[in-house]
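In this note's numbering, the protein residues as written are 5 to 166. Just so it is clear, CB atoms sit at the ideal spot from N, CA and C, and this is done for glycine as well. Predicted model, so just to flag it, every value in this text is computed and none were measured.
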């Protein structure tokens, strides 16, 4: 046992041997029987866990804001820069003479054209999909419900074991 632990045990034994008075009872209830010099040693790990638990929402909000900004950046790229880059790639193809059709585009230009093609295919495919029907179809599946319940349990177990 450490020095503080020994002092705590000796103090608690003395308290049991003493005749309890109203003052000692109130004092022990207010201090919870802890010795001030031992509190930091005995409860530093619990304090660290509680402070980590309390900092989690703030850190989660930072992560969510960062994720939102990444998604916004990607969306703005697809809406603004990608059409311009595709236009420049098409202009490169059209600027070549007709007799020389061996067009050599840069890899980045080919990638931009493929990205634009994927966006166009997705937009055309999503025109005919009713999102409310898809939402209710996914929501009604028991596998998704089980997956959500398991994730909630894992998060709660992680939070409670802190």
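Item checked: Cutoff 7 angstroms; reference residue 117; Cβ partners in own chain excluding five residues on either side -> 90, 93
Next item on the list: Report the three-state DSSP secondary structure of residue 55 (helix, strand or coil).
Entry: helix
Notebook entry, point to check: Counting along the chain, where does the alpha helix (DSSP H) carrying residue 136 start and finish?
Noted result: 135 to 143
Check: From residue 113 to residue 123, what does the alpha carbon distance come to, in whole angstroms?
Finding: 15 angstroms
Next item on the list: Would you tell me roughly how many angstroms separate the C-alpha atoms of residue 108 and residue 95, rounded to the nearest one?
Entry: 13 angstroms
Margin query: According to DSSP, is residue 92 part of a helix, a strand, or is it coil?
Written below: helix
Notebook entry, point to check: What span of residues does the alpha helix (DSSP H) with residue 100 cover, start to end?
Noted result: Segment: none, residue 100 is in no alpha helix (DSSP H) and carries neither H nor E.
Margin query: Tell me which residue opens and which closes the alpha helix (DSSP H) that residue 118 is part of.
Written below: 111 to 131
Note to self: Does residue 32 come out as helix, strand or coil in the three-state DSSP assignment?
What the structure shows: helix
Next item on the list: Out of 146, 100, 115, state which residue places its alpha-carbon closest to the alpha-carbon of residue 87.
Entry: 115
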